[in-house]
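Reviewing the structure listed below.
Protein chains in written order, with the numbering used here: chain A, 35 to 520; chain B, 35 to 520.
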């Protein structure tokens, strides 16, 4: 008898009896799985959705519920706030955000369809207040809809695409919009007759010749054989909670300590690769440390342990954080003047490392050699007074002289501060969410989306909030549709 | 009939007739394949070696023929030059060189066995003059044996392991010792009765149940089915010549333009993954720009396009180059005084970007903002006079003030200067060169070594010359031995 394994599809010829039969089997009940289920059901398929937890959520449920949307002249919220957003600019930004890992076909597909996707989300019942909240926010603390959630207005992105805010957040008071977002999607899926089986862990795919035709699922301590007449959708999330996989594919994440995920153990990636799929860009990860809270800290200047700047600090907080984690020495400093300093949030575990009435005093207190940090700040301030940053092209008003002491240096320590992270690498899929084999051909019957794939948020240094949920929800839909079509 | 594919082993049950039968089939005739063949033949196996080119060589034949060897108190050459080299220090360096990608078991295995390996190489006929050539050399320009070939004496490595030179070069006048090294290994393999079949390209592995039992090889326009009773060894090199694979797994290499390789198209990685293997650390690559030629340039200081230092320049030239390629802006500058400047080698394509009687003048000529490069150099020089480098811990004598003009800034441009590179990621193998499946278990009958695996040179930032050939030759031997044992 064949072994039941994540790493090798089970032969259909050895299935003696099917415990369940459906058109489309979906594995994972975060936003990806929910959107796949809705779309497959709308296409007329019988859909079964298997989730290893006792309810929906996944990593999507832990998120801010923010979806990156733009193009086609802008959403209602963008236009009401005075932002036109051309499809060309939107796609150009998506591609720049993908950096060296970009999947151009996905950027183009989503770029053209994002406004329709927004309409679709609303049709599922996702509420949007429709208003714009200016400023720099990780998530809105009220129930606003639209925020700046990336590096759109910062160099080099602002030179590549006309900036617009594109972070569209479910109407929800305060942080944590991901949970209500999944709730809405779950309700929609249920209303369409999707059969949801919780406490059901996928153990193996089932293959008949070259086609994936089902899945083995562990339910109530029993292996259940599920026939999927039209297709299987992997929607299982990334591998941030799997230390062995991180060691093999993404070891830089061991510099930091706060994985964000639910049961994101990479099982969908294993299932897909075992079926002949291709895991790509596995070293990529998102990270952020909440250094822009309070918002006044966004006016600070970052230096590394050599007293050098390394980024234009008006970029998205996650891009700045990701570049910080590249720096040698295990920590970076956020430099602030008294006008901008506020005690950081406790949960950030960001401590004061030095203070002084001059930058020379701060430099000495940090134990940095003379003329390092102090010269960095003298050069920065001289240019900031002229409204320019010739080193990194930071823009006003975030670019402002920090020359009136007293001053403070906050330490963002990679090991002790709160650097949350999740993985971005995964299965290579087409722009229609087909899992591709190593030669680039779709594997019949197998679809995937979200963080078990490499998608829109392909490159850690280019991440923007909402890119992952855009990817999950939009390509989740493509996966459901593809599977329903068989 | 099953398809013949790199991506999926061909079923033995469909082989109607075997064209060749052997105990061990080896694919690839660089140093790895040659060493595997010798060891398998010595273990009593009938060995056939298939090479797609018309002769031996592979990327090994393009190399300097330098092998990283130490430990156990030191080789004859190390001891004659006054360097003791404990196994503990040697292993500690190997592990540090592997960085976040380290395979500790391989470091320990090789670390204990390297001196025996040196003896074995000599027994095959590899000549070593036995002398030590001090200084900083990419390869000896004479026929010397022992050179510093890594970052042993530089921080942080010198704080982790007692430094010793460990680059052991075949006795050969001038650069290019790789070709004669492979010649010696080829002669040894032939003398042991290894059957060598050139112009033979591997198309697919052959599997019987869970075991690899042979290989399909294209010879004279025909598919030939080769039965390997005991094992198959993959020794096909990396994927630097395969742009599609680089795009998927190692896109940062598109910042630079000079791949070093022969037909390194990743076919062995594809064969291994298709058989259930696991490709790891695929984003890692070695690069170097020959900036230490002439040797006086080793005394220079590197700054990035922001005028900042980024590395202790006394590290191995490849480590400095790899860190250079991480810098924003597409180029870095090597700063020299007139006492150390010599016209760079033509092939390096390193041009003069600016000159001046003071660092302020150089700064202005490069178009850098005032007080950036000039302050960097003022701080550097002030500390160099005290014999210290508090920023990066560069050591004397390479650490020396550059304060007597005129000065020159050489531009190392990622797109136009000569940055050679090759890939380091590949199959995950055990310390005995067994190809491991995704759950970590050996795939019966399948072995691999060299650059189609992730081995001793696992991390681009820690590469040292000789690590790759150490890995190829030593783990090539393990692969041959393992295959011969069946």
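Heads up, the beta-carbon is just placed ideally off N, CA and C, and yes, glycines get one too.
- Proximity of the region 371-380 of chain A to the region 438-449 of chain A meets the contact definition, three or more beta-carbon pairs being nearer than 8 Å.
- Listed along chain A are 312, 314, 315, 462, each with a C-beta nearer than 8 Å to that of residue 282 (chain B).
- Annotated three-state conformation of residue 405 (chain A) is coil, per DSSP.
- For the options B:329, B:341, B:447, the alpha carbon positioned closest to that of residue 402 (chain B) is the one of B:341.
- Ranked by how close their Cα comes to the Cα of residue 212 (chain B), the residues B:311, B:92, B:261, B:134 have B:92 in first place.
- Within the DSSP bridge table, the entry for residue 252 (chain A) names A:235, A:257 as partners.
- Comparing alpha-carbon positions, the option among B:128, B:473, B:451 lying closest to residue 198 (chain B) turns out to be B:128.
- For residue 405 (chain A), the nearest CB of chain B lies under 8 Å from its own CB, placing it at the interface with that chain.
- Under the 10 Å beta carbon count, residue 84 (chain A) is surrounded by 16 or more other beta carbons and is classified as buried.
- For residue 425 (chain A), the closest Cβ of chain B is nearer than 8 Å.
- For residue 297 (chain B), the secondary structure class from DSSP, reduced to helix, strand or coil, is coil.
- The three-state secondary structure of residue 42 (chain A), taken from DSSP, is strand.
- Collapsing the DSSP output to three states places residue 485 (chain A) in a helix.
- Counting only residues of its own chain and dropping the five nearest sequence neighbours on each side, residue 206 (chain A) has a CB closer than 7 Å to the CB of 99, 177, 214.
- Beta-bridge pairing by DSSP links residue 441 (chain B) to B:371, B:390.
- Using a CB distance below 9 Å, the part of the region 464-475 of chain A facing chain B consists of 471, 472, 473, 474, ordered along the chain.
- The closest CA to that of residue 474 (chain A), considering only A:307, A:183, A:134, is found on A:307.
- Around the beta carbon of residue 88 (chain A), fewer than 16 other beta carbons lie within 10 angstroms, which makes this residue exposed.
- Exclusion of the five residues before and after residue 188 (chain B) leaves 346, 348, 349 as the residues of its chain whose Cβ lies within less than 6 Å of its Cβ.
- For the C-beta of residue 286 (chain B), the chain A residues within less than 8 Å are, from N- to C-terminus, 134.
- Collapsing the DSSP output to three states places residue 82 (chain A) in a strand.
- The Cβ atoms of residue 269 (chain A) and residue 483 (chain A) lie closer than 8 Å to each other.
- Against chain B, the CB of residue 56 (chain A) has no partner CB under 8 Å away; the residue lies outside that interface.
- Residue 298 (chain B) is positioned such that its CB atom lies no closer than 8 Å to that of residue 259 (chain B).
- Residue ranges of uninterrupted beta strand (DSSP E) with 3 or more members, entirely inside the region 304-332 of chain B and ordered along the chain, are 319-322.
- The beta carbon of residue 231 (chain A) sits closer than 6 Å to those of 84, all from its chain and outside the five residues before and after it, given in chain order.
- Distance check between residue 520 (chain B) and each of B:431, B:165, B:79, B:243 places B:79 closest, using alpha-carbon atoms only.
- Counting along the chain, residue 140 (chain B) sits inside no beta strand (DSSP E); it lies in the alpha helix (DSSP H) bounded by residues 138-158.
- Secondary structure note for residue 96 (chain B): it is in no beta strand (DSSP E), with a DSSP letter that is neither H nor E.
- Residue 409 (chain B) belongs to the set of residues whose beta carbon lies under 8 Å from a beta carbon in chain A.
- With a threshold of 8 Å between beta carbons, residue 195 (chain A) makes no contact with chain B.
- Boundaries of the beta strand (DSSP E) harbouring residue 170 (chain B): 166-170, taken from the DSSP string.
- Using beta-carbon distances, residue 412 (chain B) counts as an interface residue toward chain A, with a partner under 8 Å.
- Not flagged as an interface residue toward chain B: residue 366 (chain A), since no C-beta distance is shorter than 8 Å.
- When DSSP states are grouped into helix, strand and coil, residue 72 (chain B) belongs to the helix group.
- Residue contact check for residue 142 (chain A) against chain B: no CB pair falls below 8 Å.
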